[in-house]
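Working notes for the structure below.
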Amino acid sequence: MPTPCRCRGDVIGLGFTLVKGLRAMARWERERKETTVPDWFWKAVETPSEAHSVEVDECDVVYQTWQAKADKPGMLLIHGMNAHRRWWDFIAPQLASDFRIAAMDLTGMGDSDYRYGYDAETYAAEIVAVCDDAGLDNDVVVVGHSFGGMMAAKAANLFHERFGALILVDSGLRAPDEPVRDYPMMGGGRAKAYPDRETAEARFRLFPPQPCENDYVMKYIARNSLMRVDGGGWAWKFDEELPMTLKGGERQPEDYTGLALPVGLIYGENSESFSARTLEHMLELLPGEPKVTMIENAQHHVFLDQPEAFVQALRDMAKSIRD
Numbered sequence: 005m006p007t008p009c010r011c012r013g014d015v016i017g018l019g020f021t022l023v024k025g026l027r028a029m030a031r032w033e034r035e036r037k038e039t040t041v042p043d044w045f046w047k048a049v050e051t052p053s054e055a056h057s058v059e060v061d062e063c064d065v066v067y068q069t070w071q072a073k074a075d076k077p078g079m080l081l082i083h084g085m086n087a088h089r090r091w092w093d094f095i096a097p098q099l100a101s102d103f104r105i106a107a108m109d110l111t112g113m114g115d116s117d118y119r120y121g122y123d124a125e126t127y128a129a130e131i132v133a134v135c136d137d138a139g140l141d142n143d144v145v146v147v148g149h150s151f152g153g154m155m156a157a158k159a160a161n162l163f164h165e166r167f168g169a170l171i172l173v174d175s176g177l178r179a180p181d182e183p184v185r186d187y188p189m190m191g192g193g194r195a196k197a198y199p200d201r202e203t204a205e206a207r208f209r210l211f212p213p214q215p216c217e218n219d220y221v222m223k224y225i226a227r228n229s230l231m232r233v234d235g236g237g238w239a240w241k242f243d244e245e246l247p248m249t250l251k252g253g254e255r256q257p258e259d260y261t262g263l264a265l266p267v268g269l270i271y272g273e274n275s276e277s278f279s280a281r282t283l284e285h286m287l288e289l290l291p292g293e294p295k296v297t298m299i300e301n302a303q304h305h306v307f308l309d310q311p312e313a314f315v316q317a318l319r320d321m322a323k324s325i326r327d
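Under the working numbering, think of the first position of the sequence shown as 5, with each following residue one higher.
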């Protein structure tokens with residue numbers, strides 16, 4: 005029987021080597037005496053962390069942890085579509101004094117294996133497996149951004165006894181009467197390889213499209229989103245076939261109406277993915293009284309736009325939602 009995983013070299017037609025330790029970006033910037041990067045960012049991205057992996061359905065799922073006291077409550081951070089765990093590098097360390105934190109790469113993204121096909125139930129199993137392997141207890145607070153929030157909600161429905169709370173970051177279901185923006189479908193075809201890292205970094209864009217004033221954040225994420233292809237090329241660390249092969253990934257009202265755990269919502273004031281009407285609809289769907297925080301001057305990628313405000317909001321919500 006063939007393995008559920010496939011080699012990333014097959015995706016781009018070449019062998020590949022994952023590039024690790026790209027925190028060198030921070031050192032490079034310091035050598036250039038970069039003054040636009042705040043000290044808190046340096047401190048966060050230079051905080052020691054450790055990478056781990058756990059096998060789920062014959063594929064390795066990679067996750068990262070930061071040192072914390074064993075008596076602290078657990079928190080799992082899940083990225084959005086075509087993103088990865090390193091998006092949280094400048095967020096997670098700031099929360100490590102209050103939580104035992106893990107950030108994961110869903111398969112098909114980051115350093116986790118690629119599959120021949122993807123489905124929501126397998127992603128739910130990956131989330132549970134990371135919580136188990138990282139030693140996070142059954143009262144763990146699961147934080148999911150965008151697509152990661154959707155998969156976290158599906159996991160919470162399937163394994164509600166395994167989680168203490170769910171915090172959705174700019175992630176939810178639009179109201180039926182809301183217009184849907186027509187973005188070009190991502191995915192399909194062969195992944196593009198760039199001749200050098202600089203060319204690839206220059207092509208880095210957020211999706212859905214939006215500007216981000218924090219150039220140092222964008223540069224850091226871009227550098228940590230690349231894998232080196234044998235022969236000198238570079239490619240993004242995500243499977244372009246994922247959106248085309250994903251099953252069970254559609255947002256459904258029952259994903260939210262059936263949640264049997266505390267839920268919090270954090271969203272960007274100017275997000276085109278989570279409008280005031282979306283918030284109203286989510287409050288109609290979710291049981292109980294969800295906690296809600298709006299981050300001012302932020303769009304869909306909330307913690308890229310306003311990282312310090314996001315950290316404070318997430319810390320406060322995660323503490324209060326468990327009370």
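Cβ atoms here follow ideal geometry from the backbone N, Cα and C, with glycine treated the same way.
{"Query": "Rounded C-alpha distance that separates R207 from E165", "Result": "42 Å"}
{"Query": "DSSP three-state assignment for S324, whether helix, strand or coil", "Result": "helix"}
{"Query": "Contact the region 125–139 vs the region 52–64: 3+ CB pairs below 8 Å", "Result": "yes"}
{"Query": "Per-residue burial, L308 [other beta carbons within 10 Å of its own, 16 or more giving buried]", "Result": "buried"}
{"Query": "Cα-Cα separation, A129 to L177", "Result": "22 Å"}
{"Query": "Rounded C-alpha distance that separates W238 from A197", "Result": "5 Å"}
{"Query": "Start and end residues, beta strand (DSSP E) containing T111", "Result": "Taken as a continuous stretch (DSSP letters only), T111 belongs to no beta strand (DSSP E), as it is neither H nor E."}
{"Query": "For I172, the three-state DSSP class (helix, strand or coil)", "Result": "Residue 172 is actually Leu in this sequence, not Ile. Correct three-state label for L172: strand."}
{"Query": "Extent of the continuous alpha helix (DSSP H) to which M248 belongs", "Result": "L246 to T249"}
{"Query": "Own chain residues within Cβ distance below 6 Å of A100, not counting five before or after", "Result": "W70 and A72"}
{"Query": "N-terminal and C-terminal residue of the beta strand (DSSP E) that L269 is part of", "Result": "V267 to G272"}
{"Query": "Proximal residues to N161 (C-beta, below 6 Å), its chain only, five neighbours per side dropped", "Result": "G262"}
{"Query": "Own chain residues within Cβ distance below 7 Å of R201, not counting five before or after", "Result": "L230 and W238"}
{"Query": "Where D181 falls, given that 16 or more other Cβ within 10 Å makes a residue buried", "Result": "exposed"}
{"Query": "Span of the beta strand (DSSP E), counted from its first residue to its last, around M298", "Result": "K295 to I299"}
{"Query": "In chain order, each beta strand (DSSP E) run of at least 3 residues that lies wholly inside the region 142–172", "Result": "144–149"}
{"Query": "Range covered by the beta strand (DSSP E) that runs through R232", "Result": "L230 to V233"}
{"Query": "Reduced DSSP secondary structure (H/G/I, E/B, other) of Y198", "Result": "strand"}
{"Query": "DSSP-derived helix/strand/coil call for T40", "Result": "coil"}
{"Query": "Residue from E245, V145 and Q256 with nearest C-alpha to K76", "Result": "V145"}
{"Query": "Rounded C-alpha distance that separates E217 from G114", "Result": "24 Å"}
{"Query": "Assigned secondary structure, A239 (DSSP; H/G/I helix, E/B strand, else coil)", "Result": "strand"}
{"Query": "Inter-residue spacing [alpha-carbon to alpha-carbon] between E245 and K158", "Result": "21 Å"}
{"Query": "Beta bridge counterpart(s) of Y67 as assigned by DSSP", "Result": "H56 and M108"}
{"Query": "Within 9 Å, strictly: CB atoms of S150 and S116", "Result": "no"}
{"Query": "Burial state of L269 (16 or more Cβ within 10 Å)", "Result": "buried"}
{"Query": "Whether A124 touches M155 by CB criterion (9 Å)", "Result": "yes"}
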